[in-house]
Structures are given as structure tokens and as C-alpha cells.
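Each remark here refers to the structure printed beneath this line.
In the numbering used here, the protein residues as written are 207 to 397.
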């Protein structure tokens, strides 16, 4: 949400998180992201929450890190790649350890962050994909961001996402690109 609020504000849209909208976490939510593509997972999440908020526009996204030398992994499983029952920073640490182990001795460290954002409103759907390219470093750098950000060095910024400010990251990130594009499509349609 922290990354999304400024992007929505750019378009004059006030947003509510699920908690702010009064939704209580449902254990079944963890089963929504069961698909093999970012597109399918984002659409499934948007439809799930749209059913809980009839008549309201719902924005959902699915994103992850794809690594060329790992045949696109961790991909749609990025958040749970380490396959451990941890949360927050502990989960990020486990996922990063799994990434570093998988790339040990690998010279080709090209990577791409991918995001698909979907808006569902009643029976209408809009979607957009955003990508940003970089490499996985040999050591983590920076304290900002989350997930794989300390390891992902952006080709465009020349620093890791964890070294970048929120504004710098938003200028090139996969999530910002996808969300801006889907919002533009949605606003044009509602014009």
C-alpha cells in the first residue's frame, strides 16, 4: 500500500487499504494466488475482493522477481519461494537466502521485476503489466524497500532498490509502471 498510495494520489484517487475499508483478513485469501502467471493471480485477487465490495472499483496486483539463470524463478512464487512459515522481515531474509544459494557460482545474474495490476469494477476489467530490469548483486546494499530490493540492482537507477528513495524507485519500478498504466486505462474508460 505504501507504494500505491502516491501513485493513486497522482491521478486524484483516494485509496483505502483492506483494513481501512473494514475487511478482516480471511484465511482463505492465502489460496487465491494459486495460478502460474502474474496475470491470473492479479485477476483472481481483484475478483475476490470485488465480490466483497460490490459496486466499488478494486485494484489488485501480483508481482515478483524473475531471474534468467533460474528459468524465471522465483516468479509468481517470489513471496513464498523459501517455502517457510515466516512473515515480514524473517520471510524476506529466508527468500533472499534461497535466492543467493540458487545463484551461487552463477555468472548470469540478469533479473526482472514483473507486476500485473488489475482493476475490476462491476463486470469490467482493466489490466496492465510493468517490468523493470536489473541484476542480482553479490551482496545486499541499502536499507529501504522490502523483499529482494537489497539484492536487485536497477539498470536504470544504477543502485539497488533498497538504496533508492521511494520517489526514485517509483520512477522506474515494475509496480509503478503497471499501476500507472492500469489507472490510465481505467480513467480513459470512465472519462
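For glycine and all other residues, C-beta sits at the position ideal for the given N, C-alpha and C.
ask   = Three-state secondary structure (DSSP) at residue 367?
value = Translated into the one-based positions of the chain shown, residue 367 becomes position 161. Correct three-state label for residue 367: coil.
inquiry  = Any heavy atom of the ligand NAP inside 7 Å of the beta-carbon of residue 339?
reply    = This structure lacks the ligand NAP; in fact it carries no ligand of any kind.
ask   = Is there contact here, the region 334-349 with the region 283-295, by at least three beta-carbon pairs under 8 Å?
value = no
request  = Run the CB neighbour count on residue 369, radius 10 Å, all protein chains shown included, and call it buried at 16 or more, exposed below.
outcome  = Here residue 369 corresponds to residue number 163 of the chain shown, with the count starting at 1. Per the 10 Å Cβ criterion, buried.
Buried versus exposed call for residue 217 [16 or more other C-beta atoms within 10 Å across all chains shown] = Position 11 of the chain shown, counted from the first residue, corresponds to residue 217. Residue 217 is exposed by the Cβ-count criterion.
message = Can you tell me whether residue 256 is helix, strand or coil according to DSSP?
response = For this step, residue 256 is matched to residue 50 along the chain shown. Looking at residue 256 - three-state DSSP - the assignment turns out to be helix.
key: 7 Å CB neighbourhood of residue 386 in its chain, flanking five on each side removed   = In the chain shown, the residue the question calls residue 386 occupies position 180. Here the set comprises 213.
task = Can you say whether residue 271 is buried or exposed, counting buried as having 16 or more other CB atoms within 10 angstroms of its CB?
result = As a working note, residue 271 is residue 65 in the chain shown. Result: buried.
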